[in-house]
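Residue numbers (our numbering), protein chains in the order written: chain A, 2 to 84; chain B, 2 to 84; chain C, 346 to 508; chain D, 346 to 508.
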């Protein structure tokens, strides 16, 4: 599964994207964030406050309880500040 | 007293402005309209429906019950359609 | 905070982009610019028109608009406002009126531009006459415009002509 | 009624007046043009800044904006919409974003432009980083922007990220 990071999530994780084998017990966006946070210090820092992190599956906004099954690309980022 | 007319009020009266001696019993804008309507066919036509006519005293919008005493210039016109 | 405001009535066309640029030039506190342009449409009440002729009450029109610009400056934190309203004969496709508002934040710029347009439509002493194939007629005031203007009135401060 | 809509993301500056003119050229049913321009201010949270850098999510940003333009076209009788959003490094005084809406009547043009700006501020995947004397920081999302975007949601159709 392709994971992408933007803005300070990207800076903390230290890379813009990566391909990851997600364990089969990880079913939702929230569970994926918790699992990512356990992968090392930089991830723990990036996902320390998952409530403020937004997610998109295949380029559409999703809630934390969205299922990640069948996702091609999941992105994590802070609240948007465009415009 | 200087009276000015605009748009279809001007067209019906047949002139853009005139100086008029207003009888002393005529005290308000509404009374002035009623008195003007009595001055001839063109005025009767112009002021046939006084409810739709707006007035300004010295270039400020006023209600029909406004006193005309001390007015330098009174204007009558249809509802505005600018912008 | 310097505030610039300009009101102009003129027969000639205007350059809205140049007017907007004047308001932001040389300052870095402007974050939002809203430009409204009102254009003469090719039909009125479903019938094609050849032209509009705008009559106005010289002196009162400027004063009315300036008074509403002053009210906008009081209500919203604006950095600049420009209002230009044309009069005379205007053919379809030509601009009639422009309002530019500049602020640090978009909500103030949008609100002030809408407020000024609602007032121009209902309170500024201009009257539109349309030329159609079968003669000329005066445009009727729209109840929708009165309602739009009325929403800016706080209780107890309704204007004279809005009764 | 032909409706034209354009969404563009680009590093380069844009010419808002030229974009607005494109939408009205050759048509006489347009009565109202609203142009919003968002400009990079010289300070952020009270501190002077040297520049903003806008990061975006390529592919998703275009899709999100196009989806909201489509929603605006459904909600209001618009004749044209253009949205251009820049990314990359932008210095104070430069334009960041523009929205132009064209309609026969002003209310639709104003409402659609505000709707699109509210959504761009809260839903389009862009992130602003500011360069200050003491380093770079990410701009925090504003609760006021979320509230502004939320007012367009009908009950029961709140969006995922607005919880």
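We put the CB at the ideal spot given by N, CA and C, even for glycine.
With 7 angstroms as the threshold, decide whether the Cβ of residue i is near any Cβ in chain B.
{"i": "residue 309(C)", "result": "There is simply no residue 309(C) to check, as chain C begins at 346 and stops at 508 in what is shown."}
{"i": "residue 507(C)", "result": "The pLDDT assigned to residue 507(C) is 36, lower than 50, so where the model puts this residue is not dependable; a value taken from the coordinates is nonetheless given after this. Not an interface residue."}
{"i": "residue 477(C)", "result": "no"}
{"i": "residue 352(C)", "result": "no"}
{"i": "residue 390(C)", "result": "no"}
{"i": "residue 404(C)", "result": "yes"}
{"i": "residue 383(C)", "result": "yes"}
{"i": "residue 348(C)", "result": "no"}
{"i": "residue 483(C)", "result": "yes"}
{"i": "residue 486(C)", "result": "yes"}
Write down the C-beta distance between residue i and residue j rounded to the nearest angstrom, noting that I regard them as a contact closer than 8 angstroms.
{"i": "residue 436(D)", "j": "residue 457(D)", "result": "Actually they are not in contact, since the Cβ atoms of residue 436(D) and residue 457(D) sit about 30 angstroms apart, beyond 8 angstroms."}
{"i": "residue 429(D)", "j": "residue 442(D)", "result": "7 angstroms"}
{"i": "residue 41(B)", "j": "residue 466(C)", "result": "In fact, because the Cβ distance is near 34 angstroms, the residues do not count as touching under 8 angstroms."}
{"i": "residue 19(A)", "j": "residue 4(A)", "result": "6 angstroms"}
{"i": "residue 356(D)", "j": "residue 431(D)", "result": "7 angstroms"}
What residue does the alpha helix (DSSP H) around residue i start on, and which one ends it?
{"i": "residue 22(A)", "result": "Per DSSP, residue 22(A) belongs to no alpha helix (DSSP H) and is neither H nor E."}
{"i": "residue 347(D)", "result": "Residue 347(D) -> no alpha helix (DSSP H), and no H or E assigned at all."}
{"i": "residue 495(D)", "result": "488-495"}
{"i": "residue 373(D)", "result": "Residue 373(D) -> no alpha helix (DSSP H), and no H or E assigned at all."}
{"i": "residue 45(A)", "result": "42-47"}
{"i": "residue 476(D)", "result": "Looking at the DSSP string, residue 476(D) is not in any alpha helix (DSSP H); the run it does join, the beta strand (DSSP E), is 471-477."}
{"i": "residue 55(B)", "result": "Careful: residue 55(B) lies outside any alpha helix (DSSP H), inside the beta strand (DSSP E) at 55-58."}
{"i": "residue 386(D)", "result": "Unbroken run through residue 386(D): none, as it is neither H nor E."}
{"i": "residue 360(C)", "result": "Taken as a continuous stretch (DSSP letters only), residue 360(C) belongs to no alpha helix (DSSP H), as it is neither H nor E."}
{"i": "residue 66(A)", "result": "Where residue 66(A) is concerned, there is no enclosing alpha helix (DSSP H), given that its DSSP letter is neither H nor E."}
{"i": "residue 462(C)", "result": "451-467"}
{"i": "residue 2(A)", "result": "That residue, residue 2(A), is in no alpha helix (DSSP H); it is neither H nor E in DSSP."}
{"i": "residue 34(A)", "result": "30-38"}
With respect to 6 angstroms, is the separation between the Cβ of residue i and the closest non-hydrogen atom of the ligand GDP below this value?
{"i": "residue 485(C)", "result": "Judged by which ligands are present, the structure shown has none, so any question about the ligand GDP falls away."}
Residue i lies in the beta strand (DSSP E); which residues open and close that run?
{"i": "residue 402(C)", "result": "Looking at the DSSP string, residue 402(C) is not in any beta strand (DSSP E), and its letter there is neither H nor E."}
{"i": "residue 14(B)", "result": "That residue, residue 14(B), is in no beta strand (DSSP E); its alpha helix (DSSP H) goes 8-14."}
{"i": "residue 77(B)", "result": "74-78"}
{"i": "residue 481(D)", "result": "480-483"}
{"i": "residue 61(A)", "result": "61-63"}
Between residue i and chain D, is there a C-beta pair that is closer than 7 angstroms?
{"i": "residue 13(A)", "result": "no"}
{"i": "residue 29(A)", "result": "no"}
{"i": "residue 380(C)", "result": "yes"}
{"i": "residue 425(C)", "result": "no"}
{"i": "residue 7(A)", "result": "yes"}
{"i": "residue 459(C)", "result": "yes"}
{"i": "residue 73(A)", "result": "no"}
{"i": "residue 451(C)", "result": "yes"}
{"i": "residue 362(C)", "result": "yes"}
{"i": "residue 438(C)", "result": "yes"}
Taking CB distances under 7 angstroms as the criterion, tell me whether residue i reaches chain C.
{"i": "residue 68(B)", "result": "no"}
{"i": "residue 358(D)", "result": "no"}
{"i": "residue 386(D)", "result": "yes"}
{"i": "residue 80(B)", "result": "yes"}
{"i": "residue 494(D)", "result": "no"}
{"i": "residue 77(B)", "result": "no"}
{"i": "residue 60(B)", "result": "yes"}
{"i": "residue 84(B)", "result": "yes"}
{"i": "residue 375(D)", "result": "yes"}
{"i": "residue 462(D)", "result": "yes"}
{"i": "residue 433(D)", "result": "no"}
Are the C-beta atoms of residue i and some chain A residue less than 7 angstroms apart?
{"i": "residue 470(D)", "result": "yes"}
{"i": "residue 442(D)", "result": "yes"}
{"i": "residue 400(D)", "result": "yes"}
{"i": "residue 408(D)", "result": "yes"}
{"i": "residue 465(D)", "result": "yes"}
{"i": "residue 473(D)", "result": "yes"}
{"i": "residue 503(D)", "result": "Annotation note: pLDDT 43 at residue 503(D) (below 50); position unreliable, coordinate value reported separately. It does not; no Cβ of chain A falls within 7 angstroms."}
Extract the residue ranges of the alpha helix (DSSP H) inside the segment 405-442 of chain C, only unbroken runs of 4 or more that lie entirely within it. 405-420
Between the segment 485-499 of chain D and the segment 415-422 of chain C, do at least 3 Cβ pairs fall closer than 8 angstroms? no
Can you confirm whether the segment 444-461 of chain C touches the segment 63-82 of chain B when touching is taken to mean that 3 or more C-beta pairs between the two stretches lie within less than 8 angstroms? no
Could you say if the segment 387-404 of chain D and the segment 464-475 of chain D meet the contact criterion of at least three C-beta pairs nearer than 8 angstroms? yes
Can you find at least 3 beta carbon pairs, one from the segment 368-386 of chain D and one from the segment 374-383 of chain C, that sit closer than 8 angstroms? yes
At a cut of 8 angstroms, does the segment 24-37 of chain A reach the segment 50-58 of chain A through at least three beta carbon pairs? yes
Three-pair Cβ contact test at 8 angstroms for the segment 357-377 of chain D versus the segment 445-457 of chain D: yes
For the segment 6-14 of chain A and the segment 70-78 of chain A, state whether three or more C-beta atom pairs, one from each stretch, are separated by less than 8 angstroms. yes
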